[in-house]
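Have a look at the structure below before the remarks.
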Amino acid sequence: MWRHSARSLISKAKASSVKFRSNGSCCNTQGKTWRTPSGFDTGLKTFNSLTKQKEPLILPREGVATWYSCGPTVYDHAHLGHACSYVRFDILQRILSRLFGITVIHAMVITDIDDKIIRRSLEENVSSSTIARMYEEEFKRDMLSLKVIPPAAYLRVTENVHHIVAFIGRIVENGHAYVTKEGDVYFDIQSIGDRYGKFVTPVDSQGEPGSSNKRDLRDFALWKPSKPQEPFWESPWGKGRPGWHIECSTIASCVFGSQLDIHSGGIDLAFPHHENEIAQSEAYHQCGQWANYFLHSGHLHLKGSAEKMSKSLKNFITIEDFLQSYSANEFRMFCLLTKYRSAIDYSDASMHGARTSLETISTFISDAESYIKGQVQCSPVQEDFLWERLAEAKSSTVKALADDFDTPKAISGVMNLIYHGNCQLQPVSRSDVAVRSPAVFGAMVAYIRDILDVFGIDLLHSKADAANNYGRLQAVVEQLTHFRREVRAFALTHQDDSTTESKKPGLYTERIPLLKACDTIRDDLAPLGVLIKDRGATSTWEIKDRQQRVSRINTRRHPAETYHDD
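Quick note on numbering: the sequence shown equals residues 559 to 1124 in my numbering.
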């Protein structure tokens, strides 16, 4: 399989997996030092927000990557802004695991206690846990609908408060946090010197609101005393609940210990959330580099708006509403057409562009399969040329994805391969050429399906659920088109002695209305989503629903002579 060759191509670039020395090279950015991890070079490069440049992806354990991502705060419906980030990182994880053979161990936190959750629970007069559980389950359903692979574990904040309390206690003991008389526990920014500010300059690092007893405006809450009607937990500092940032540091450390390979999230989380995560994690573990790579995805904007899609701005589209108009495959293609780090504009036009790309791919696969089965006759194919284009596509795809997961370039390579394939698939009415080249088209189809499967787009099996609903419809359409084919073949039968009165030389004049009726039913069914294509004596059909999910079945070829090509 070609994805095994991906690893061989990568190995050529790095000679072999080389163990780096623990005192590897350093990168200095904004006065902050990033040290190249010690471990095994994967041959990939990824943009690291810590250094603001591409860095070689090096893992302590060969073939294994630990990955932590910030999950949702479950107080409302998930929207496309969330979906964009989670789908993009799902694509990256699939590339690592399915193309480059790296096992990704992924953990995600569910923030199920927060000011917004408490506010929502008071508004609706239900418990905060009721609100959180309802939207947590909806989020998980939405992710499954978008075909996002679940993490190895979802971890709730409320089920890990005892770990959080212990984590805060260690930071206090290490001299990096202090307790106020009100019962707040704040991280002491000054205690870590100039190590704060990995994602922003000191001028930009404004503080968060809080107690007037903070030593520095930049100090942030690790523990907050409870207010009336709020949930609380016992702690050495009194009844209260965790601050926002501490949950991620604690849970990531509980799962992965003092060393994390990759941390991901939307670019809006870089500061202050990820900045504060780093500060408190390194203060807890007393280490110089807690997470080796931070990957941030760009915002999703509504077309024409400079603002990101967000709940607070009330400018969002829920995932459930989106899936009423478009499919998960189409949204995934929409994400693939832009680099994961880039901002992305959402509009019907951009979604139709993604849909068109998928339709182009599906149509080529269908046409190639028809050719392979002998249902379409073509001029002689330049087989060697197509084998070369296929090898080129495989190589360029691996190189693109190894270079910071460049999915737009990878998709461009696939579309270029399809272009060359379509140039060779030129149906002719008659062909006396005995030489055919089905093998190369079979290899092209297999590759295209394989790389799309790496990205999470399964054109072969993605209609499994739809097939359950369409099964009976397909049977009806199959019978209908089979009957139409028989009628059409009967009407196309030539007379032994053609008459000049016939509109179609050689045909029986009285049967011409049957041909017109076949064309009429074909044209009438098209708006209903049943597309019949007459390719000479060959007929194929496909069903498309409103989301353009294609379910195609090819009819058997009939030996009747050609009437016309569409």
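No residue lacks a Cβ here, since even glycine has one placed at the ideal position from N, Cα and C.
Check each candidate in A1084, I616 and K1102 and name the one with the smallest Cα separation from A849. Locating residue 849 in the sequence shown gives position 291, counting from the first residue. Checked all of A1084, I616 and K1102; the closest Cα to A849 is I616.
Enclosing beta strand (DSSP E) for T600 [first to last residue]: For the purposes of this step, residue 600 is identified with residue 42 of the sequence shown, where counting begins at 1. Per DSSP, T600 is one residue of the beta strand (DSSP E) stretching across F598 to N606.
Residue environment, R776, which counts as buried when at least 16 other CB atoms sit within 10 Å: Residue mapping note: residue 776 aligns to position 218 of the sequence shown, counting from 1. Residue environment for R776: buried (at least 16 other C-beta atoms within 10 angstroms of its C-beta).
N980 versus M909, F922 and E613, residue with shortest Cα-Cα distance: One-based indexing of the sequence shown puts residue 980 at position 422. Nearest option by C-alpha distance: F922.
So is P783 buried or exposed if we call it buried at 16+ other beta carbons inside 10 Å? Position 225 of the sequence shown, counted from the first residue, corresponds to residue 783. Flag for P783 reads buried.
Give me, in chain order, the residues of the same chain whose beta-carbon lies closer than 7 Å to that of Y644; leave out the 5 immediate sequence neighbours on both sides. Position 86 of the sequence shown holds residue 644. Result list for Y644: M701 and V706, in chain order.
Thinking C-alpha only, which one of E694, V758 and G971 is nearest E833? In the sequence shown, the residue the question calls residue 833 occupies position 275. Among E694, V758 and G971, the Cα nearest to that of E833 is on V758.
Identity of the residue in E805, V737, R753 and K797 nearest K772 by Cα: For the purposes of this step, residue 772 is taken as the residue at position 214 of the sequence shown. Looking at the Cα atoms, V737 is the closest of the given residues.
Measure the beta-carbon distance from A951 to F999 and round it to whole angstroms, keeping in mind my assumption that it falls under 8 Å. Taking the first residue of the sequence shown as 1, we reach residue 951 at position 393. Taking the first residue of the sequence shown as 1, we reach residue 999 at position 441. That pair is no contact at about 14 Å.
Name the one or two DSSP bridge partners that Y626 has. Within the sequence shown, the letter at position 68 stands for residue 626. In DSSP, Y626 forms a bridge with A665 and H821.
Measure the C-alpha to C-alpha separation of G824 and T896 and round it to an integer number of angstroms. In the sequence shown, counting from the first residue as 1, residue 824 sits at position 266. In the sequence shown, counting from the first residue as 1, residue 896 sits at position 338. Roughly 15 Å between the two C-alpha positions.
From which residue to which residue does the alpha helix (DSSP H) around K612 run? Against the sequence shown, residue 612 aligns to sequence position 54. Looking at the DSSP string, K612 is not in any alpha helix (DSSP H); the run it does join, the beta strand (DSSP E), is Q611 to L617.
Under the three-state DSSP convention, the category G846 falls into: Locating residue 846 in the sequence shown gives position 288, where the first residue counts as 1. DSSP places G846 in coil when its eight states are reduced to three.
For a test of the three-state rule: what should DSSP assign to L1089, helix, strand or coil? The count along the sequence shown starts at 1 and reaches residue 1089 at position 531. L1089: strand per DSSP, three-state reduction.
For N1026, is the classification buried or exposed, using 16 other Cβ atoms within 10 angstroms of its Cβ as the cut-off for buried? Position 468 of the sequence shown, counted from the start, is the residue given in the question as residue 1026. In this predicted model, N1026 has a pLDDT of only 49, less than 50, meaning its place in the structure is not dependable; the value taken from the coordinates is given anyway. N1026 should be labelled exposed.
Counterpart residues of E1036 in DSSP-defined beta bridges: Here residue 1036 corresponds to residue number 478 of the sequence shown, with the count starting at 1. E1036 pairs with nothing; no bridge assigned.
What are the partner residues of K866, as DSSP defines its beta bridges? As a first step, residue 866 must be located in the sequence shown, where it is residue number 308. Its beta-bridge partners are H859.
Could you tell me whether the Cβ atoms of P614 and G597 are closer together than 7 Å? Counted from its first residue, the sequence shown places residue 614 at position 56. Counted from its first residue, the sequence shown places residue 597 at position 39. Their beta carbons are not under 7 Å apart, which means P614 does not touch G597 by this criterion.
Is it buried or exposed, T1051, if we count other Cβ atoms within 10 angstroms and call 16 or more buried? The residue given as residue 1051 occupies position 493 in the sequence shown. By the neighbour-count rule (16 or more Cβ atoms within 10 Å), T1051 is not buried but exposed.
For R691, report the span of its beta strand (DSSP E) as first-last. Taking the first residue of the sequence shown as position 1, residue 691 is located at position 133. The continuous stretches of beta strand (DSSP E) do not include R691, which lies in the alpha helix (DSSP H) extending over residues S686 to S703.
May I ask you to verify whether the stretch 928 to 944 touches the stretch 1029 to 1042, counting CB pairs closer than 8 Å and requiring at least 3? With fewer than three CB-CB distances shorter than 8 Å, the stretch 928 to 944 does not count as touching the stretch 1029 to 1042.
Tell me the DSSP secondary structure of Y884 in three-state form. As a working mapping, residue 884 is identified with position 326 in the sequence shown. In this structure, Y884 counts as coil in the three-state DSSP scheme.
Do V1045 and L1072 have their beta-carbon atoms positioned less than 7 Å apart in this structure? Position 514 of the sequence shown, counted from the first residue, corresponds to residue 1072. Position 487 of the sequence shown, counted from the first residue, corresponds to residue 1045. Yes; because the gap between Cβ atoms is below 7 Å, this pair is in contact.
Cβ-based burial, A810 [other Cβ within 10 Å; buried from 16]: One-based indexing of the sequence shown puts residue 810 at position 252. Around the CB of A810, 16 or more other CB atoms lie within 10 Å, so the residue is classed as buried.
Over the uninterrupted beta strand (DSSP E) stretch that includes R555, give me the two end residues. The structure shown does not extend to residue 555, since the chain is modelled only from 559 through 1124, so no value can be given for it.
Going straight from the alpha carbon of N732 to that of F745, what length do you get? Start at 1 with the first residue of the sequence shown, and residue 732 comes out as number 174. Start at 1 with the first residue of the sequence shown, and residue 745 comes out as number 187. Computed Cα separation, rounded: 11 Å.
Just verifying my parser: in three-state terms, what is the DSSP assignment at D672? Here the question's residue 672 lines up with position 114 in the sequence shown. Residue state, collapsed to three classes: coil.
DSSP state of R799 mapped onto helix, strand, coil: Counting from one through the sequence shown, the residue named residue 799 turns up at place 241. The answer is strand: DSSP assigns R799 an E or B state.
Buried versus exposed, by CB contacts within 10 Å (16 or more), M692: Taking the first residue of the sequence shown as 1, we reach residue 692 at position 134. By the Cβ neighbour-count rule, M692 is exposed, with fewer than 16 other Cβ atoms within 10 Å of its own.
Report the three-state DSSP secondary structure of T1057 (helix, strand or coil). As a position in the sequence shown, residue 1057 is number 499, starting the count at 1. Annotation note: pLDDT 48 at T1057 (below 50); position unreliable, coordinate value reported separately. DSSP places T1057 in the coil class of the three-state scheme, outside both helix and strand.
Quick check on A779: does DSSP put it in helix, strand or coil? Here residue 779 corresponds to residue number 221 of the sequence shown, with the count starting at 1. DSSP places A779 in strand when its eight states are reduced to three.
Own chain, CB closer than 6 Å to L650, minus 5 neighbours either side, in chain order: Within the sequence shown, residue 650 is the residue found at index 92, counting from 1. Excluding the 5 residues flanking it on each side, L650 has same chain C-beta neighbours closer than 6 Å at F963, in chain order.
Quick one: give me the first and last residue of the beta strand (DSSP E) that S735 is part of. Mapped onto the sequence shown, residue 735 falls at position 177. Residue 735 is actually Ala in this sequence, not Ser. A735 to V737 is the span of the beta strand (DSSP E), which, as asked, contains A735.
Alpha-carbon to alpha-carbon, A1004 and V655: For the purposes of this step, residue 655 is taken as the residue at position 97 of the sequence shown. For the purposes of this step, residue 1004 is taken as the residue at position 446 of the sequence shown. Inspection of the sequence shows that residue 655 is occupied by Ser rather than by Val. When rounded, the separation of the alpha-carbon atoms in S655 and A1004 is 19 Å.
Whose CA, out of D752, N974, S995 and M867, lies closest to the CA of I919? The sequence position of residue 919 within the sequence shown is 361, counting from 1. Checked all of D752, N974, S995 and M867; the closest Cα to I919 is N974.
State the DSSP-derived secondary structure class of I902, mapped to helix, strand or coil. The residue you call residue 902 lines up with position 344 of the sequence shown. Strand at I902.
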